[in-house]
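S.K.:
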Amino acid sequence: MAFTVLVPARLASTRLPDKPLADIGGKPMVVRVAERARLSAASRVVVATDSTQIAQACALHGVETVMTRADHPSGSDRLAEACALLGLDGDATVVNVQGDEPLIDPALIDAVAGLLQQRPQASMSTAAHAIDSPADFANPNVVKVVTDNQGLAMYFSRAPIPWWRDGFVDGIAQLPQPLPLRHIGIYGYRAAFLRLFPTLAQAPLEVTEALEQLRAMWHGHRIAVHVTDAAPGPGVDTQQDLERVRALFAGGGA
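Numbering-wise, the sequence shown is residues 1492 to 1745 according to this note's numbering.
(1) Which one of Ala1533, Val1634, Val1557 has the shortest CA to CA distance from Thr1540?
(2) Leaving out five residues before and five after Gly1676 in sequence, what residues of the same chain have Cβ atoms less than 7 Å from its Cβ?
(3) Hey, is the stretch 1503-1520 in contact with the stretch 1579-1595, meaning 3+ C-beta pairs nearer than 8 Å?
(4) Exposed or buried, what is Val1660 when buried is set at 16 or more other beta-carbons lying within 10 Å of its beta-carbon?
(5) Mind checking Gly1679: buried by the 16 CB within 10 Å criterion, or exposed?
(6) If you reduce the DSSP assignment to three classes, tell me which class Ile1652 lands in.
(7) Hey, would you say Leu1733 sits closer than 8 Å to Ala1513, going by beta carbons?
(8) Just reading off the beta strand (DSSP E) that Gly1811 is part of, what are its end residues?
(9) So, are the CB atoms of Asp1568 and Pro1689 less than 8 Å apart?
(10) What distance in whole Å lies between the Cβ atoms of Ala1618 and Val1716, which are believed to be in contact at a cut-off of 8 Å?
(11) Any contact of the stretch 1580-1589 with the stretch 1601-1611, i.e. 3+ C-beta pairs under 8 Å?
(12) Considering only the beta carbon of each residue, do Arg1706 and Leu1691 sit closer than 8 Å?
(13) Quick one: what does DSSP say Ile1714 is sitting in, helix, strand or coil?
(14) Going by beta carbon distance, what residues of the same chain come within less than 6 Å of Tyr1646, once the five residues before and after it are set aside?
(15) From Gly1662, Gln1612, Ala1621, Phe1740, pick the residue whose C-alpha is nearest to that of Met1708; which is it?
(16) Is it buried or exposed for Met1615, if we count other Cβ within 10 angstroms and need 16 for buried?
(17) Going along the chain, which unbroken runs of the alpha helix (DSSP H) with 4 or more residues stay wholly within the stretch 1591-1638?
(18) Which first and last residues belong to the alpha helix (DSSP H) in which Pro1499 is found?
(19) Closest to Ala1602 by CA distance: which of Thr1719, Pro1723, Leu1497, Leu1507 is it?
(20) Helix or strand or just coil, what does DSSP make of Arg1527?
(21) With burial defined as no fewer than 16 other Cβ atoms inside 10 Å of the residue's Cβ, what is the status of Gly1578: buried or exposed?
(22) For a test of the three-state rule: what should DSSP assign to Arg1560, helix, strand or coil?
(23) In three-state terms, what does DSSP make of Met1520?
(24) For Val1498 and Asp1657, what's the separation of their Cα atoms in angstroms?
(25) Buried or exposed: which applies to Val1698, given that a residue is buried once 16 or more other Cβ atoms fall within 10 Å of its Cβ?
(26) Determine the contact status of Val1496 and Ser1542, defining contact as a CB-CB distance below 8 Å.
(27) Going by C-alpha to C-alpha distance, which of Leu1666, Val1538, Ala1598 sits closest to Phe1628?
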């Protein structure tokens, strides 16, 4: 199973400036992400960036980079350009690993890549895990996904889905069985679709939910979902998140 991991990374961040270069145990975060990705079965791991600072930091640690334009409106657009620059064949499998996931599980990367190869009807693949907390289920910052009997996504939402008609009469105090699924933000793509994606018109549902993957579904593309038993390691959005991850690395828990 051959596939390429692309890690989009840019310096601009409203919540944590210069996030990809944040030090974690003596190395920039984006390097830590690339090192985790290298533990997967990927044949190539490349950081896609518009920053010479990020490129230089990666070079110091032997991480391959590709320089992309600075005016991309989304990470998907950046990855599409990276695919073209790297000359990836349209049938090639690409896994998008976010640059703020220094604890990403290499086995999860492999599963997302493998699932796309097992589901020829899908243009994309992603992952999810069971939600066991009513508070998380109700939280709009926790994205939910429902799938069909083939493990293909039917819908993604910030709302609590599926809605338990009889069990939620008095509020969300317990969860239905089987447990609802929380979406994990890792994606596999066929390279041809990844190049197509930025040319697709935004979908009304995408705008309403602020979920880019709904654009693919709106235009008739299927997304295969790998369900894992393990919740992913914490990502880094805030300074508090960063300190928590630093502590894990310092304690040998990463």
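For glycine and all other residues, C-beta sits at the position ideal for the given N, C-alpha and C.
M.R.: Straight from the coordinates:
(1) Comparing C-alpha distances from Thr1540 to each of Ala1533, Val1634, Val1557 shows the shortest one belongs to Val1557.
(2) Gln1589
(3) yes
(4) exposed
(5) Classification of Gly1679: buried, given that the 10 Å Cβ count is 16 or more.
(6) coil
(7) yes
(8) Beyond the ends of the chain as shown, which are 1492 and 1745, falls residue 1811; an answer cannot be given.
(9) yes
(10) 7 Å
(11) yes
(12) Yes, the Cβ-Cβ distance between Arg1706 and Leu1691 is below 8 Å.
(13) strand
(14) Result list for Tyr1646: Val1637, in chain order.
(15) Gln1612
(16) buried
(17) 1597-1609, 1625-1629
(18) Element bounds for Pro1499: not the alpha helix (DSSP H) but the beta strand (DSSP E), 1495-1500.
(19) Thr1719
(20) In the structure shown, Arg1527 sits in a helix (DSSP, three-state: H, G or I).
(21) Exposed is the label assigned to Gly1578, since fewer than 16 other Cβ atoms lie within 10 Å of its Cβ.
(22) Assignment of Arg1560 by DSSP, reduced to helix, strand and coil, places it in the coil class.
(23) Residue state, collapsed to three classes: helix.
(24) The alpha-carbon atoms of Val1498 and Asp1657 are separated by roughly 43 Å.
(25) Val1698 is exposed by the Cβ-count criterion.
(26) no
(27) Nearest Cα to Phe1628 within the set Leu1666, Val1538, Ala1598: Leu1666.
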